[in-house]
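One structure is given here, and the rest of the page talks about it.
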């Protein structure tokens, strides 16, 4: 039996538990870890059918998606939004710190 690689195992986890993927992406965005975001997006791409399927759903060509998600990739907000939309996800803006209830 062949051992699964880390990326393959993570892709399966994201496929089986999309809420975990959402939580992880939110934490990465909060921390500002660009390299980690690209790694997770690559793993999610595998979970959602591979580069060709995600590229088609995102309106990108597969070569562009490979380059975008490479370790040297620097995706634009438009591209990240398209990739996430292809996976049924979206970016959202929230306050960094919950606001304290104001005294009335």
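In the working numbering, the protein residues as written are 36 to 139.
Glycine included, C-beta positions come from ideal geometry on N, C-alpha and C.
- DSSP places residue 127 outside any alpha helix (DSSP H), giving it a letter other than H or E.
- Rounded to the nearest whole angstrom, the C-alpha separation of residue 65 and residue 91 is 29 Å.
- By the C-beta density criterion, residue 110 is buried, having at least 16 other C-beta atoms within 10 angstroms.
- Take residue 81, set aside five residues on each side of it, and the residues of its chain with a beta-carbon closer than 6 Å to its own are 46, in chain order.
- Of all C-beta pairs linking the segment 72 to 86 to the segment 109 to 126, three or more are shorter than 8 Å, placing the two stretches in contact.
- Looking from the CA of residue 127, the closest CA among 50, 61, 43 and 53 belongs to 61.
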